[in-house]
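All remarks here apply to the structure that follows.
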Amino acid sequence: MGYSMRKNKTYNKKKIVIVFFLCVLMLLGLAGRLVYLMIFRSDYYSEKADDLHEREREIKAARGKILDANGTVLAANRTVCTISVIHSQIEEPEEVIRMLCSELGLNEESVRARVEKNSSIERIETNVDKETGDRIRAYGYSGVKVDEDFKRYYPYGDLASKVLGFTGSDNQGIIGLEVKYDEVLEGINGKILTTTDARGIELDGIGESRVEPVAGYDLKISLDANIQEYCQQAAEKAMEEKQADGVSVLLMNPQNGEIYACVNVPEFDLNDPFTLNDGTDTTELSEEELQDLRNQMWRNACINDTYEPGSTFKIITMSAGLEAGVVTPEDTFSCPGYKIVEDRRIHCHKRTGHGAETFVQGAQNSCNPVFIEVGLRLGVASFCDYFRKFGLMDKTGIDLPGEASTIMHKEENIGQVELATMSFGQSFQITPIQLATTVSSLINGGTRVTPHFGVEVLDGDGNVVETLKYDSRDGILSEETSQTVREILESVVSEGSGKNAYIEGYEIGGKTATSQTLPRSANRYISSFLGFAPADDPVVLGICIINNPQGVYYGGTICAPVMRDIFSNVLPYLGIEKETTKKLHDG
124 MGYSMRKNKT
134 YNKKKIVIVF
144 FLCVLMLLGL
154 AGRLVYLMIF
164 RSDYYSEKAD
174 DLHEREREIK
184 AARGKILDAN
194 GTVLAANRTV
204 CTISVIHSQI
214 EEPEEVIRML
224 CSELGLNEES
234 VRARVEKNSS
244 IERIETNVDK
254 ETGDRIRAYG
264 YSGVKVDEDF
274 KRYYPYGDLA
284 SKVLGFTGSD
294 NQGIIGLEVK
304 YDEVLEGING
314 KILTTTDARG
324 IELDGIGESR
334 VEPVAGYDLK
344 ISLDANIQEY
354 CQQAAEKAME
364 EKQADGVSVL
374 LMNPQNGEIY
384 ACVNVPEFDL
394 NDPFTLNDGT
404 DTTELSEEEL
414 QDLRNQMWRN
424 ACINDTYEPG
434 STFKIITMSA
444 GLEAGVVTPE
454 DTFSCPGYKI
464 VEDRRIHCHK
474 RTGHGAETFV
484 QGAQNSCNPV
494 FIEVGLRLGV
504 ASFCDYFRKF
514 GLMDKTGIDL
524 PGEASTIMHK
534 EENIGQVELA
544 TMSFGQSFQI
554 TPIQLATTVS
564 SLINGGTRVT
574 PHFGVEVLDG
584 DGNVVETLKY
594 DSRDGILSEE
604 TSQTVREILE
614 SVVSEGSGKN
624 AYIEGYEIGG
634 KTATSQTLPR
644 SANRYISSFL
654 GFAPADDPVV
664 LGICIINNPQ
674 GVYYGGTICA
684 PVMRDIFSNV
694 LPYLGIEKET
704 TKKLHDG
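Numbering (the numbering used here), first residue to last: 124 to 710.
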């Protein structure tokens with residue numbers, strides 16, 4: 124009996140010790156957990172507590188302005204308001220609903236659903252003009268919040284619409300420079316923090332804290348609003364006179380790639396970019412069909428679309444032939460109005476032929492057989508080598524989104540007939556910006572430049588934050604060949620097919636073109652003229668393209684005069700004076 128009692132006592136002591144140590148371990152575990160939560164996780168739970176008792180409203184940062192070459196503001200901001208409601212704070216719901224419907228022009232059903240929704244904050248309307256926002260604030264209704272915001276505004280409406288682009292409701296770029304330089308232009312949003320109780324009611328006396336927004340940087344571009352406006356007027360006039368589908372005009376500096384103007388009419392209203400610009404009835408269209416039409420309206424034909432360049436491409440064939448030594452300016456040719464290549468008779472635009480002519484005269488006459496012969500002398504391998512060397516197989520790198528690539532035969536699929544048609548700009552496609560950039564490189568002494576708009580990034584005080592740099596590549600053509608090309612192209616304007624671009628007192632070089640679109644049976648044409656001035660040291664290169672003109676469609680007849688009118692105004696504007704004596708030519 125005594126032994127049994129001693130045994131039980133020993134057993135109970137062991138149980139007590141075990142329970143004691145278990146309790147100690149639990150307390151240590153709880154203490155450790157408390158230390159962990161209070162020290163190592165304090166920030167997390169503090170943030171959670173703040174989330175429960177703080178309501179955050181965003182303050183939009185002002186987007187940076189886009190400035191033209193002279194500092195003229197092309198894209199700016201207007202102050203607008205965002206109207207929101209906080210359900211838990213509304214004391215007079217019916218009056219609030221009635222007021223919001225009246226001031227914002229919204230239907231009662233949608234407003235009531237948002238006002239009565241039991242959420243921390245419900246947005247009623249964005250991009251409300253400031254005057255309306257001020258009136259709503261003046262009512263003084265509890266639970267109605269009016270926060271100032273920014274909306275993009277374009278002072279010149281449709282000017283350079285397909286270059287500048289526009290922003291969406293979130294103030295982020297959608298197309299054009301607005302999206303390309305979004306990271307430069309967008310600022311850092313701020314916020315308003317208000318403290319509430321457990322029911323979501325703002326606490327009096329505590330007030331609100333603010334984190335101020337930081338405005339975006341400004342972007343200065345090479346585009347000149349005055350030049351752009353004049354080019355746009357000239358393009359609109361040509362489009363109306365020729366009842367064309369569209370007209371594009373591009374002006375750039377061939378020495379450094381800066382773009383002075385880029386016009387694609389019809390343009391669209393940047394302040395109303397989702398409304399079609401041709402009056403199309405959209406009531407029967409699906410949302411997908413409507414968006415397809417908008418995307419088409421927003422396309423920049425100079426960058427996003429390819430075409431067969433036609434005879435303006437003869438400048439490239441000319442440069443390659445002269446550089447390779449397969450032709451000289453004095454070489455003679457005979458044009459009977461066609462050239463037979465393998466089993467194909469390829470016609471000249473002058474069916475009766477040009478007869479005997481030198482290479483220079485062949486360029487002046489835009490004679491297809493002459494350039495076919497130069498292409499055949501080069502051969503497929505050499506032609507393709509120069510095509511690549513001149514940069515035609517690479518994108519130009521222009522600072523706009525969506526640049527299209529060259530559409531070209533594979534070298535192994537190019538026969539003599541394909542080579543012949545390529546020599547005068549058919550059977551492949553390039554973009555207008557590619558043609559302008561390549562020709563710039565061939566007439567500036569042989570430096571491949573990068574076409575661009577962006578010049579400088581500025582802060583709000585106009586101080587330069589960054590000067591934008593662009594790649595260039597020297598030596599794609601010798602200076603000697605470049606000079607010869609300039610001289611030949613000057614004679615095309617002063618004596619040849621480009622005479623409608625001639626301006627007395629100025630030496631202008633250029634080349635006309637008329638090409639058929641596919642399918643050929645549709646009889647639709649693209650007419651164009653590429654010109655530059657002064658011919659001996661070019662500072663401006665321009666290209667005018669008229670898509671599907673009605674009636675007379677020859678590039679020398681309808682496009683050259685457009686470029687002449689543009690140069691007549693732009694050259695003096697750029698400070699290029701007329702020469703007092705006309706240079707004599709020996710033909």
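From the three backbone atoms N, C-alpha and C, an ideal C-beta is built for every residue, glycine too.
Quiz prompt | Nonlocal neighbours in the same chain, by C-beta distance under 8 Å from Tyr648, ignoring five residues either side | solution = Thr637, Ser638, Gln639, Thr640, Asn671, Pro672 and Tyr676
Practice problem: Quick one: which unbroken beta strand (DSSP E) runs of 3-plus residues sit fully inside the segment 504-541? Chain order, please. | Solution: none
Quiz item: Is it the case that the Cβ atoms of Ile556 and Leu342 are separated by a distance below 8 Å?
Solution: no
Practice problem: Go to Cys385, then tell me how far its beta strand (DSSP E) extends in each direction, as first and last residue. | Solution: Ile382 to Val388
Quiz item: Would you call the CB atoms of Ile530 and Gln549 closer than 8 Å?
Solution: no
Quiz item: For the beta strand (DSSP E) that contains Ala636, what are its first and last residues?
Solution: Gly632 to Gln639
Practice problem: State yes or no: is the C-beta of Val588 within less than 8 Å of the C-beta of Val580? | Solution: yes
Exercise. Go through its chain and collect everything with a Cβ distance to Tyr276's Cβ below 8 Å, but skip five positions before and after it.
Key: Ala198, Ala199, Asn200, Arg201 and Asn394
Quiz item: So is Ile209 buried or exposed if we call it buried at 16+ other beta carbons inside 10 Å?
Solution: buried
Practice problem: State the start and end residues of the unbroken beta strand (DSSP E) segment that holds Met161. | Solution: From DSSP, Met161 is part of no beta strand (DSSP E); its letter is neither H nor E.
Quiz prompt | Beta-carbon proximity check, Leu282 vs Gln356, cutoff 8 Å | solution = no
Quiz item: Going by the CB atoms, is the gap between Pro661 and Pro377 shorter than 8 Å?
Solution: yes
Quiz item: Of the choices Met161, Gly256 and Asn241, whose alpha-carbon is the least far from that of Ile206?
Solution: Gly256
Quiz item: Roughly how many whole angstroms lie between the Cα atoms of Val386 and Met686?
Solution: 13 Å
Quiz item: Which residues bound the alpha helix (DSSP H) around Phe655?
Solution: No alpha helix (DSSP H) holds Phe655; the beta strand (DSSP E) holding it covers Tyr648 to Ala656.
Quiz item: Going by C-alpha distance, which of Asn692, Asp688, Ile689 and Cys682 is nearest Ala367?
Solution: Cys682
Exercise. Tell me where the beta strand (DSSP E) around Glu271 begins and ends.
Key: Val267 to Tyr276
Quiz item: If you compare alpha carbons, which of Ala185, Phe289 and Ser595 is closest to Trp421?
Solution: Phe289
Quiz item: For His210, does the three-state DSSP call read helix, strand or coil?
Solution: helix
Practice problem: Could you pull the start and end residues of the alpha helix (DSSP H) that Ala479 belongs to? | Solution: From DSSP, Ala479 is part of no alpha helix (DSSP H) but of the beta strand (DSSP E) over Gly478 to Thr481.
Quiz item: Using CA coordinates, which residue listed in Pro492, Ser371 and Ile631 is at the minimum distance from Asn423?
Solution: Ser371
Exercise. With DSSP as the reference, label Ile566 as helix, strand or coil.
Key: helix
Exercise. Take every Cβ of the segment 506-519, pair it with every Cβ of the segment 463-470, and state whether three or more of those distances are shorter than 8 Å.
Key: no
Practice problem: Identify whether Gly152 lies in helix, strand or coil by the three-state DSSP scheme. | Solution: helix
Quiz item: Skipping 5 residues on each side, what residues in its chain have a beta carbon closer than 7 Å to that of Gln295?
Solution: Asp305 and Glu309
Quiz item: If you run the structure through DSSP and keep just helix, strand and coil, what is Ala443?
Solution: helix
Quiz item: Would you report the Cα separation of Asp454 and Ala479, rounded to the nearest angstrom?
Solution: 11 Å
Quiz prompt | the segment 356-365 / the segment 253-269 touching (three or more Cβ pairs under 8 Å) | solution = no
Practice problem: Measure the CB-CB distance between Asn488 and Gly678 and report whether it falls below 8 Å. | Solution: no
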